[in-house]
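Engineer: First the structure, which I've put down as structure tokens, then a few questions once you've had a look.
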Amino acid sequence: MDTLTLTKDTFRGQIENGITLVDFYATWCGPCQRQLPIVEELASEMKHSAFVAKINVDEESEIATTYGVKSIPTLMIFKDGYLLETMIGLQSKSFLREKLNLYLSIGDTC
Amino acid sequence: MENAIVIGTGPAGLTAAIYLARANLEPLVIEGPEPGGQLTTTTEVENFPGFPDGIMGPELMENMRKQAERFSAKFRTGWVNSFDLSKRPFNLFLEGGEELVTKTLILSTGASAKYLGIPGEKENVGRGVSTCATCDGFFFRGKKIIVVGGGDSAMEEAHFLTKFASEVRIVNRREELRASKIMQDRARQNNKITWSLNKTPLEVVAGNSGVAGLKVRNNSTGKEEIIDTDGIFVTIGHTPNTKFLNGQLETDEVGYLKVKPGTSETNILGVFACGDVKNNKYRQAITAAGSGAMAAIDVEKFLEQIENH
């Protein structure tokens, strides 16, 4: 399992450095159950370049509230502590991979 | 090359997959952006035969999927970008560049929730505008919510949302509701539900943290007002998922696929349609499942024919 499980205690420290994709989900949300394996595959594919993490909104409602999550699945991309992009609804692996690669390539040139 | 590719995993697609898999045709089922279809966004299904105590929509869909898997239907997640239906076998192109080839095709892509199409709406999807009460109701605990619509689904969603919200206001363009009497009564008896009838939604009003209100026009006085709300759940019906076909198949004026009456055949030989994506007036889980079985049987017959020639 290459997907990190974040809590309110580990969240800040994780997004502080590098690129992290965060998947907000719940066990009772159908589309979330399809998103998780996609995110899981992406995590193992990209483990040398980006972090991939998930947050259970039932258990970590504080983080969800802080970032204004009002629909799940919601996916967010953070870079060095900053929120770069929010995606709402089920996303395909190729779309997420493209997004991560885009932000990774911007990082290289800066 | 596949014998059959089924696109869509609602009751129509999964029933087709069960039938094809049992016929040893090893169908490939492509699961798109709304896996399990509309039923996964409902709560209890009380009218699907065989479940005397009702069954939860998502569970019913999970069961259908398992049943198809039991007979070795293959599943994969994918977004179909384009098709070439001009010759058989058919070519499908997935997002990410992958190409699939199949002798037959079953389209069961269903229909998706319709939006109002008013200013401020699209920008605030996921910021307070939603079409799925069961997915997003959780985020409106103790908040005020508006449900737009007057049909059975609107009544059901409103009723469900009172579990979380402090107040649920039903906004409907007409004075009369389309909903069945039993659903209307259920909503009217719920004291957390309030009503704004005969009012047309004009604009979603948003602040920094998302939706703040809904601007409406009173249809009898012409007066406009903003109703304060934290969330807007749009429940005004569905629209068929046929855009990605790029006009390669015949549809009616709204976009529903046309099939030959009494069959699942589209205007292209070897392409079949079932469930809510095709022109039909019933839109029930059971009729979708039934049409899925028809499509699978039509595919079997078609494959036999082309193999014998």
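Chains as they are written, first to last, in the working numbering: chain A, 1 to 110; chain B, 1 to 309. Just so you know, even glycine gets a beta-carbon here, dropped at the ideal spot from N, CA and C. On a predicted model such as this, the values are computed, not experimentally measured, just so you know.
What does B:Asp136 reach in chain A if we use C-beta pairs closer than 8 Å?
Structural biologist: Looking up residue 136 of chain B in the second sequence gives position 136. Those within 8 Å of B:Asp136 in chain A are Lys70, Ser71 and Ile72.
Engineer: List the residues of chain A whose Cβ lies closer than 9 Å to the Cβ of B:Trp79, in chain order.
Structural biologist: Mapped onto the second sequence, residue 79 of chain B falls at position 79. Result: Ser92, Ser94 and Phe95.
Engineer: Relative to the C-alpha of B:Leu257, which candidate in B:Phe51, B:Val80, B:Thr109 and B:Asp53 has its C-alpha closest?
Structural biologist: Stepping through the second sequence from its first residue, residue 257 of chain B is reached at position 257. Measuring from the Cα of B:Leu257, the nearest candidate turns out to be B:Thr109.
Engineer: Excluding the five sequence neighbours on either side, which residues of its own chain have a C-beta within less than 6 Å of the C-beta of A:Leu4, listed in chain order?
Structural biologist: Taking the first residue of the first sequence as position 1, residue 4 of chain A is located at position 4. Ala53.
Engineer: Roughly how many whole angstroms lie between the Cα atoms of A:Leu42 and A:Phe11?
Structural biologist: The residue given as residue 42 of chain A occupies position 42 in the first sequence. The residue given as residue 11 of chain A occupies position 11 in the first sequence. Between A:Leu42 and A:Phe11, the C-alpha separation is close to 20 Å.
Engineer: Note down, in chain order, each residue of its chain lying with its Cβ closer than 7 Å to the Cβ of B:Asn241, except the 5 sequence neighbours on either side.
Structural biologist: Stepping through the second sequence from its first residue, residue 241 of chain B is reached at position 241. So the list reads Thr109, Gly110, Ala111, Ser112 and Val277, once near-sequence residues are dropped.
Engineer: On the three-pair Cβ rule with 8 Å, is the stretch 88 to 105 of chain B touching the stretch 37 to 46 of chain B?
Structural biologist: The answer is no - the stretch 37 to 46 of chain B does not touch the stretch 88 to 105 of chain B, with fewer than three Cβ pairs under 8 Å.
Engineer: Looking at the strands, I want to know which residues DSSP matches up with B:Phe48.
Structural biologist: As a working mapping, residue 48 of chain B is identified with position 48 in the second sequence. According to DSSP, B:Phe48 bridges with nothing at all.
Engineer: Work out the CA separation of B:Gly36 and B:Glu62 for me, nearest whole Å.
Structural biologist: Stepping through the second sequence from its first residue, residue 62 of chain B is reached at position 62. Stepping through the second sequence from its first residue, residue 36 of chain B is reached at position 36. Taking the straight line joining both Cα atoms gives about 8 Å.
Engineer: State yes or no: is the beta carbon of B:Gly275 nearer than 7 Å to at least one beta carbon in chain A?
Structural biologist: Walking along the second sequence from the start, residue 275 of chain B turns up at place 275. Cβ-Cβ to chain A under 7 Å: no for B:Gly275.
Engineer: Put A:Thr66 into one of helix, strand or coil per three-state DSSP.
Structural biologist: For this step, residue 66 of chain A is matched to residue 66 along the first sequence. A:Thr66: helix per DSSP, three-state reduction.
Engineer: My guess is that B:Thr104 and B:Val254 are in contact by the Cβ rule of under 8 Å, so how many angstroms apart are they, rounded?
Structural biologist: Numbered from 1 along the second sequence, position 104 holds the residue referred to as residue 104 of chain B. Numbered from 1 along the second sequence, position 254 holds the residue referred to as residue 254 of chain B. Not a contact, Cβ separation roughly 26 Å.
Engineer: What does DSSP give as the partner residue(s) for B:Gly210 in the beta ladder?
Structural biologist: On the second sequence, residue 210 of chain B is found 210 positions in, with the first residue counted as 1. Its beta-bridge partners are B:Gly207.
Engineer: Which residue or residues does DSSP assign as beta-bridge partners of B:Leu245?
Structural biologist: Locating residue 245 of chain B in the second sequence gives position 245, where the first residue counts as 1. Per DSSP, none; premise fails for B:Leu245.
Engineer: Where B:Ile268 and B:Pro261 are concerned, what is the direct C-alpha to C-alpha distance, given to the nearest angstrom?
Structural biologist: For this step, residue 268 of chain B is matched to residue 268 along the second sequence. For this step, residue 261 of chain B is matched to residue 261 along the second sequence. Answer to the nearest angstrom: the Cα atoms are 14 Å apart.
Engineer: Would you tell me roughly how many angstroms separate the C-alpha atoms of B:Gln248 and B:Phe90, rounded to the nearest one?
Structural biologist: For the purposes of this step, residue 248 of chain B is taken as residue 248 along the second sequence, with counting starting at 1. For the purposes of this step, residue 90 of chain B is taken as residue 90 along the second sequence, with counting starting at 1. Cα-Cα distance, rounded: 12 Å.
Engineer: Could you spell out where the alpha helix (DSSP H) holding B:His159 opens and where it closes?
Structural biologist: Position 159 of the second sequence holds residue 159 of chain B. Taken as a continuous stretch (DSSP letters only), the alpha helix (DSSP H) holding B:His159 covers Asp152 to Leu161.
Engineer: Apply the 10 Å Cβ neighbour rule to A:Pro73 and answer buried if 16 or more other Cβ atoms are within range, or exposed otherwise.
Structural biologist: Your numbering for residue 73 of chain A matches position 73 in the first sequence. A:Pro73 is buried by the Cβ-count criterion.
Engineer: Name the DSSP beta bridge partners of B:Trp195, please?
Structural biologist: The sequence position of residue 195 of chain B within the second sequence is 195, counting from 1. B:Ile170.
Engineer: Let me know the secondary structure DSSP gives B:Gly290 once reduced to three states.
Structural biologist: Residue numbering aside, residue 290 of chain B sits at position 290 when the second sequence is read from its first letter. Residue state, collapsed to three classes: helix.
Engineer: Name the chain B residues whose beta carbon is nearer than 8 Å to that of A:Ala43?
Structural biologist: Here residue 43 of chain A is taken as the residue at index 43 of the first sequence, counted from 1. None at all; the shortest Cβ gap to chain B is about 15 Å.
Engineer: For B:Ser86, count the other beta carbons within 10 Å of its own beta carbon; 16 or more makes it buried, fewer makes it exposed. Which is it?
Structural biologist: Position 86 of the second sequence holds residue 86 of chain B. By the neighbour-count rule (16 or more Cβ atoms within 10 Å), B:Ser86 is not buried but exposed.
Engineer: How would you list, in chain order, the residues of chain B whose beta-carbon sits under 9 Å from the beta-carbon of A:Gly18?
Structural biologist: Taking the first residue of the first sequence as 1, we reach residue 18 of chain A at position 18. Within chain B, no residue comes near A:Gly18; the closest Cβ sits about 25 Å away, beyond 9 Å.
Engineer: Given that A:Ile88 touches chain B, what residues does it touch there, using C-beta distances under 7 Å?
Structural biologist: Sequence index remark: in the first sequence, residue 88 of chain A carries index 88 (1-based). Neighbours of A:Ile88 on chain B, chain order: Val125 and Gly126.
Engineer: Name, please, each residue of chain B whose Cβ falls closer than 9 Å to the Cβ of A:Ala26.
Structural biologist: Looking up residue 26 of chain A in the first sequence gives position 26. The contacting residues are Cys135 and Phe138.
Engineer: So which residues on chain D does B:Glu99 lean against when the C-beta distance must stay under 8 Å?
Structural biologist: Annotation note: the requested chain D is absent from the structure, which comprises protein chains A and B.
Engineer: Quick check on B:Thr131 - is its C-beta less than 7 Å from some C-beta in chain A?
Structural biologist: In the second sequence, residue 131 of chain B corresponds to position 131, counting from 1. No - not a single Cβ of chain A is within 7 Å of the one on B:Thr131.
Engineer: Give me the Cα-Cα distance between B:Glu304 and A:Thr65, rounded to the nearest whole angstrom.
Structural biologist: Along the second sequence, one-based indexing puts residue 304 of chain B at 304. Along the first sequence, one-based indexing puts residue 65 of chain A at 65. One C-alpha to the other measures close to 57 Å.
Engineer: With a threshold of 7 Å between beta-carbons, can B:Pro11 be considered close to chain A, or not?
Structural biologist: Position 11 of the second sequence holds residue 11 of chain B. No, its Cβ sits nowhere closer than 7 Å to a Cβ of chain A.
Engineer: Relative to the C-alpha of B:Met56, which residue among A:Gln91, A:Ile88, A:Cys29 and A:Ser92 is closest?
Structural biologist: On the second sequence, residue 56 of chain B is found 56 positions in, with the first residue counted as 1. Selected option, being the one with the closest Cα: A:Cys29.
Engineer: Per DSSP, what kind of secondary structure is A:Ile38 in: helix, strand or coil?
Structural biologist: Taking the first residue of the first sequence as 1, we reach residue 38 of chain A at position 38. Here A:Ile38 sits in helix by DSSP.
Engineer: Relative to the C-alpha of B:Asn208, which residue among B:Asn124, B:Leu25 and B:Gly290 is closest?
Structural biologist: Counting from one through the second sequence, the residue named residue 208 of chain B turns up at place 208. Answer by Cα proximity: B:Asn124.
Engineer: Hey, is B:Ser209's beta-carbon within less than 7 Å of any beta-carbon in chain A?
Structural biologist: As a working mapping, residue 209 of chain B is identified with position 209 in the second sequence. Closer than 7 Å: yes.
Engineer: Where in the stretch 232 to 279 of chain B do unbroken runs of the beta strand (DSSP E), each at least 3 residues long, occur, reported from the N-terminal end onward?
Structural biologist: Runs of the beta strand (DSSP E) inside the stretch 232 to 279 of chain B: 238 to 240 and 271 to 273.
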